[in-house]
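Structure first, then comments.
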Amino acid sequence: MKNDKKTYKPDWQPENAGKEFAVKVVKGTENTVGSKYVAVGKKQKALSADDYADGVLKNDRTLLARTITLIESNSQAHHQLSQEVLKKVLSKTGNSIRIGITGVPGAGKSTFIETLGLYLIKHGHKVAVLAVDPSSTVTKGSILGDKTRMENLSKEPNAFIRPSPSSGTLGGVTRKSRETILVCEAAGYNVVLIETVGVGQSEVTVRSMVDLFLLLQIAGAGDELQGIKKGVIELADALLVNKADGDNEKKAEMAKSEYSNALHYLQPATKGWQTNAYTCSALTGKGIPELWDLIQKFEKTTKESGAFAERRKQQSIEWVYSLIEEGLKNNFYNHEKIKEKLPELRNEILDEKILPTKAAENLLELFFKKYISL
Ligand SMILES: Nc1nc2c(ncn2[C@@H]2O[C@H](COP(=O)(O)OP(=O)(O)O)[C@@H](O)[C@H]2O)c(=O)[nH]1
Ligand SMILES: [Mg+2]
Numbered sequence: 044m045k046n047d048k049k050t051y052k053p054d055w056q057p058e059n060a061g062k063e064f065a066v067k068v069v070k071g072t073e074n075t076v077g078s079k080y081v082a083v084g085k086k087q088k089a090l091s092a093d094d095y096a097d098g099v100l101k102n103d104r105t106l107l108a109r110t111i112t113l114i115e116s117n118s119q120a121h122h123q124l125s126q127e128v129l130k131k132v133l134s135k136t137g138n139s140i141r142i143g144i145t146g147v148p149g150a151g152k153s154t155f156i157e158t159l160g161l162y163l164i165k166h167g168h169k170v171a172v173l174a175v176d177p178s179s180t181v182t183k184g185s186i187l188g189d190k191t192r193m194e195n196l197s198k199e200p201n202a203f204i205r206p207s208p209s210s211g212t213l214g215g216v217t218r219k220s221r222e223t224i225l226v227c228e229a230a231g232y233n234v235v236l237i238e239t240v241g242v243g244q245s246e247v248t249v250r251s252m253v254d255l256f257l258l259l260q261i262a263g264a265g266d267e268l269q270g271i272k273k274g275v276i277e278l279a280d281a282l283l284v285n286k287a288d289g290d291n292e293k294k295a296e297m298a299k300s301e302y303s304n305a306l307h308y309l310q311p312a313t314k315g316w317q318t319n320a321y322t323c324s325a326l327t328g329k330g331i332p333e334l335w336d337l338i339q340k341f342e343k344t345t346k347e348s349g350a351f352a353e354r355r356k357q358q359s360i361e362w363v364y365s366l367i368e369e370g371l372k373n374n375f376y377n378h379e380k381i382k383e384k385l386p387e388l389r390n391e392i393l394d395e396k397i398l399p400t401k402a403a404e405n406l407l408e409l410f411f412k413k414y415i416s417l
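Sequential numbering of the sequence shown, starting at 44, is according to the numbering used here.
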């Protein structure tokens, strides 16, 4: 795909665009092991939960980044410390609109986020950008990891950009991302944009942590490819046909009409809100102000009807269940007896000496014997 990123200049370029700020895209953490009050990373002063919490609440960007690193760490000590920090800032969370953005790779999600982000900052908002990318564990990459992306936005003092956590299953990534949203809110970011790549489960996961979900489409890329068959459209609160510029504008308008028709037959993702299709150009900024108006309308409508609060409550409950599932799973697979027995049973299954059902039963019994006296 042609990269004309360098020519991109929205007409409402913020005054300080292009100027250097001491702001960088912060790297995700590796699995750091350490004791309770060790700093994350080398040669950093050990900090207490209060130090972290105060830093977050003051929007000290270094400390915010370090808190997220703590959240993303897989070490037990970091986990405990991060929970303490979260507890301290909890009362200051929740005051943002959380927006998820999905679409196939190349649809223009990162470009869109940068353009929308710059627009919002120009209008006095504080914008946090996060990514949820379950594939990053496989590819070792991150959908926001490419440093050439969001160059202008990352220079803005009112923007905070964080690529996806670098390790963990999607479940693990989810916990980290949810907690990262909370600390960003505590630091005063009132718009949280979450980019996710359109692969299977990740849209459902991101839908479960945002208030509003946007699906970015491009004209002529094939419906199947873009998730129509996967039912992603049914998760979306707005469908945006991006790249409606230059020669592509007509095609984009046509695609929009087709989607609009199709949408009438689908159940809306949010009670009391009709999902519609729109066009925009992340490159020129066309359609972006209108989209922000739409987002505000969505927020107003759903807050008035109670759907907004209802969804957040529902999401908290779902979060608890997913943590329980994750906890059980981790506990199970890390259980000494299971670790010992699983490879044995695996061979027996492969040799057809035991049925998979029986093997699973045996393992579960072994695991639960510890907890339940039958
Ligand atoms: N013409 C045009 N190109 C765009 C637009 N938005 C993004 N692109 C280009 O499409 C390519 C992929 O964009 P990117 O934001 O990385 O897509 P992502 O993979 O969905 O995050 C880049 O070369 C962008 O410059 C747009 O609105 N119009
Ligand atoms: Mg991207």
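Positions of the beta carbon are idealized from the N, C-alpha and C atoms, including for glycine.
Range covered by the beta strand (DSSP E) that runs through valine 234: 234-239
Tell me, which residues are paired with tyrosine 321 by DSSP? Leu283
Can lysine 152 be considered in contact with ligand 1, in the sense that its beta carbon sits closer than 7 Å to one or more heavy atoms? yes
Could you spell out where the alpha helix (DSSP H) holding alanine 426 opens and where it closes? Nothing about residue 426 can be reported from this structure: the residues present for the chain run from 44 to 417 only.
May I ask which residues mark the beginning and end of the beta strand (DSSP E) holding glutamine 260? 255-261
Out of Asn117, Val249, Thr110, Ile140, which has the shortest C-alpha to C-alpha gap to glutamate 127? Thr110
Provide the residue span of the alpha helix (DSSP H) that contains glycine 160, from first to last. According to the DSSP assignment, glycine 160 belongs to the alpha helix (DSSP H) that extends over 152-165.
Take the Cβ of alanine 403 as the centre, count every other Cβ of all protein chains shown within 10 Å, and call the residue buried at 16 or more, exposed below. exposed
Just verifying my parser: in three-state terms, what is the DSSP assignment at isoleucine 397? coil
Using 10 angstroms around the beta-carbon of proline 206, count the other beta-carbons present and answer buried if the total reaches 16, otherwise exposed. A buried status is given to proline 206, since no fewer than 16 other beta-carbon atoms sit within 10 Å of its beta-carbon.
Let me check understanding here. Comparing Cα to Cα, which of Trp316, Val363, Lys356 lies closest to isoleucine 338? Trp316
Could you check whether the region 118-127 touches the region 237-251, counting it as contact only if at least three pairs of C-beta atoms, one from each stretch, sit closer than 8 Å? no
Give a yes or no on contact between the region 133-150 and the region 300-320, applying the rule of three or more CB pairs nearer than 8 Å. no
Proximal residues to lysine 380 (C-beta, below 6 Å), its chain only, five neighbours per side dropped: Leu409
Select from Leu278, Lys286, Asp254, Lys219 the residue whose C-alpha is nearest the C-alpha of valine 235. Closest option to valine 235, Cα to Cα, is Asp254.
Member of His378, Thr345, Leu133 whose CA lies at the smallest distance from the CA of alanine 230: Leu133
Use the C-beta contact count for isoleucine 164: other C-beta atoms within 10 angstroms, 16 or more gives buried, fewer gives exposed. buried
Residue interval of the alpha helix (DSSP H) (run including isoleucine 338): 331-348
Arginine 205, DSSP secondary structure in three states: strand
Under a CB-based cut-off of 8 Å, is leucine 236 close to chain D? Chain labels in this structure do not include chain D; a single protein chain is all it has.
For arginine 192, I'd like the list of residues in its chain whose CB is within less than 6 Å of its CB, leaving aside the five on either flank, ordered along the chain. Ser153
Can you check whether the CB of tyrosine 321 is closer than 8 Å to the CB of leucine 334? yes
State yes or no: is the C-beta of proline 332 nearer than 7 Å to some heavy atom of ligand 1? no
Residue range of the alpha helix (DSSP H) that includes isoleucine 142: Isoleucine 142 -> not in any alpha helix (DSSP H); beta strand (DSSP E) instead, spanning 140-145.
What is the rounded straight-line gap between the Cα of serine 197 and the Cα of asparagine 102? 16 Å
Cβ shell of glycine 167 (< 7 Å), same chain only, five flanking positions each side left out: Nothing listed; no residue qualifies.
In the DSSP assignment, find the unbroken beta strand (DSSP E) run with leucine 113 in it and report its ends. Looking at the DSSP string, leucine 113 is not in any beta strand (DSSP E); the run it does join, the alpha helix (DSSP H), is 104-115.
Write down the C-beta distance between leucine 259 and phenylalanine 341 rounded to the nearest angstrom, noting that I regard them as a contact closer than 8 Å. No, leucine 259 and phenylalanine 341 are not in contact; Cβ-Cβ is about 16 Å, not under 8 Å.
Would you call the CB atoms of valine 175 and alanine 202 closer than 8 Å? no
Label serine 245 either buried or exposed according to how many other C-beta atoms from any shown protein chain fall within 10 Å of its C-beta, with 16 as the threshold for buried. buried
Proximity test, lysine 286 beta-carbon vs ligand 1 heavy atom, cut-off 7 Å: yes
If the criterion is Cβ atoms closer than 8 Å, does the pair leucine 2 and serine 125 meet it? Nothing in the structure corresponds to residue 2, since the chain is present only between 44 and 417.
Burial state of tyrosine 376, where buried means 16 or more other Cβ atoms lie within 10 Å: exposed
Identify every residue that forms a DSSP beta bridge with valine 172. Ile204, Leu236
Cβ-heavy atom distance, alanine 325 to ligand 1, below 7 Å: yes
Is glutamate 342 near ligand 2, judged by its Cβ being under 7 Å from some heavy atom? no
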